[in-house]
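Input: a single structure, listed below in structure tokens.
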């Protein structure tokens, strides 16, 4: 796996400065423990704030106050909801597979907590006198580790739906499987262009490669594809088909209650924070200060604890995007959802990877301006994306409806089936004999076919 980052690094160009990897050589066990506990506290606190933030913003968009009773501005509402779930009765389905039923929410939460281990919160800082990067760990394929955690976390949803031994949770789990296969492919392809430009899959090196320009600007099509894919990856509106209330009651969480339901709820919001942090790290410069603050006093705002503030602000910018989409866009139909994934995002992501590879090769073979080529190709790919959304689907010609009643065989499946409205039974053998008798001069009338009409 270490050969690919080296090959990608050689594609950056002769004049590019090699990105720097974070140095963890000074870390001791207690520093690692402080970082790990700090990440967990940060995520749990962020989830409580995110639930309150979402309800307040959606309430404002719908011209209502939102939670405003418990605590100042309703800030304690999320804590009250957590306490309610903690003390509620824990109901377990009698027909469920007990072991898998309990294990599923734990898998979902554990995998969501592991992602932030490789996310850089900032540069080197001093923690109780020890100089260490504001990051738990990093390695050459850190982004692949993030994608693997996201993929394994879906097993919690699938196993939760299957182990409940109920129809609606099973349908939610199956939908989640199809959703992850469709949108994780597009998400992974959208990140390949970042690997090519940065020359690495290490998160700290990707952040260091964005010293001059953030990758979302020259790699705009990849950024757009990633943003759409991250909404589908986290089962959020308009892609919340695995838990669509109007269709599946509660989806894969229908048979869960109390703290087991809270684990799934917690995993959903942590995953929102995860994809927001990945977008910040790979496309928005990570912990680097925005321009023009980054140019003040030789980058003063990119040192110390200031970068942690910029990182959190960027993450919450994407969290607001989640909430804004939820309050503005309606849920897609399942066929529309799959069409966007397979017919729009994946082909566009593949085309953009080819374009970026061509630009890097042209930069090495000929002396051309990298940014100009990227902006032109980005415009072409974005125009193609817009056209693919606007062009209507080719619909099949509707099958003409029968003008008269259709004759059916009631014993076609081995057992008698009554006719539906608009269908008729064929004449019985007795009726055929009566018709034959009529032809020979018998006065008895034939038996007419039985027709069932819809009333």
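Numbering (this note's numbering), first residue to last: 1 to 455. All C-beta atoms, glycine included, are put in the ideal place defined by N, C-alpha and C. Note that the structure is predicted; figures quoted are calculated from it, not measured.
Reduced DSSP category for residue i - H, G, I as helix; E, B as strand; rest coil
| i | result |
| --- | --- |
| residue 92 | coil |
| residue 177 | helix |
| residue 125 | strand |
| residue 336 | helix |
| residue 423 | strand |
| residue 238 | coil |
| residue 133 | strand |
| residue 406 | strand |
| residue 278 | helix |
| residue 25 | coil |
| residue 145 | helix |
| residue 270 | helix |
| residue 49 | helix |
| residue 283 | helix |
| residue 416 | coil |
| residue 352 | helix |
| residue 255 | coil |
| residue 151 | helix |
| residue 326 | helix |
| residue 302 | helix |
| residue 438 | helix |
| residue 290 | coil |
| residue 166 | coil |
| residue 460 | Since the first and last residues shown for the chain are 1 and 455, residue 460 lies out of range. |
| residue 214 | coil |
| residue 120 | coil |
| residue 67 | coil |
| residue 76 | coil |
| residue 386 | helix |
| residue 201 | coil |
Cβ-based neighbour list, residue i, same chain, cut-off 8 angstroms, excluding 5 preceding and 5 following
| i | result |
| --- | --- |
| residue 257 | 88, 89, 90, 91 |
| residue 93 | 101, 164, 165, 166, 255 |
| residue 62 | 327 |
| residue 381 | 221, 348, 351, 352, 355 |
Proximity test, residue i beta-carbon vs the ligand HEM heavy atom, cut-off 7 angstroms
| i | result |
| --- | --- |
| residue 110 | Absence of the ligand HEM is noted for the structure shown, with no ligands found whatsoever. |
Residue i versus the options, residue with shortest Cα-Cα distance
| i | options | result |
| --- | --- | --- |
| residue 305 | 180, 353, 132, 364 | 132 |
| residue 379 | 221, 186, 254, 356 | 221 |
| residue 354 | 78, 164, 191 | 191 |
| residue 265 | 86, 41, 24, 418 | 86 |
| residue 259 | 433, 109, 153, 26 | 109 |
| residue 420 | 409, 429, 428, 430 | 409 |
| residue 156 | 49, 253, 73 | 253 |
| residue 95 | 334, 161, 384 | 161 |
| residue 287 | 317, 330, 121 | 121 |
| residue 184 | 229, 356, 58 | 229 |
| residue 129 | 423, 268, 61, 26 | 26 |
| residue 363 | 172, 70, 196, 206 | 196 |
| residue 69 | 83, 58, 52 | 52 |
| residue 136 | 212, 33, 54, 58 | 33 |
Check whether residue i and residue j have beta carbons under 8 angstroms apart
| i | j | result |
| --- | --- | --- |
| residue 274 | residue 112 | yes |
| residue 214 | residue 285 | yes |
| residue 337 | residue 272 | no |
| residue 145 | residue 180 | no |
| residue 301 | residue 294 | yes |
| residue 159 | residue 114 | no |
| residue 193 | residue 219 | yes |
| residue 248 | residue 334 | no |
| residue 330 | residue 238 | yes |
| residue 72 | residue 56 | no |
| residue 318 | residue 276 | yes |
| residue 127 | residue 31 | yes |
| residue 153 | residue 267 | yes |
| residue 262 | residue 82 | yes |
| residue 227 | residue 280 | no |
| residue 429 | residue 407 | no |
| residue 303 | residue 123 | yes |
Close beta carbons around residue i, own chain, < 7 angstroms, minus the five adjacent residues each side
| i | result |
| --- | --- |
| residue 278 | 146 |
| residue 270 | 43, 47, 112, 113 |
| residue 188 | 147 |
| residue 498 | The requested residue 498 does not occur in the structure, where the chain is confined to residues 1 to 455. |
| residue 384 | 348 |
| residue 186 | 225, 229, 341, 345, 346, 349 |
Close beta carbons around residue i, own chain, < 6 angstroms, minus the five adjacent residues each side
| i | result |
| --- | --- |
| residue 116 | 39 |
| residue 417 | 410 |
Would you check if the segment 226-245 and the segment 161-178 touch, i.e. whether three or more CB-CB distances between them fall below 8 angstroms? yes
Using 8 angstroms as the cut-off, can you tell me whether the segment 343-352 makes contact with the segment 309-320, which would need three or more C-beta pairs spanning the two stretches below that distance? no
Three or more C-beta pairs below 8 angstroms linking the segment 194-209 and the segment 128-142: yes
Pairing CB atoms from the segment 230-240 with CB atoms from the segment 71-81, are three or more of them under 8 angstroms? no
Could you say if the segment 143-153 and the segment 20-39 meet the contact criterion of at least three C-beta pairs nearer than 8 angstroms? no
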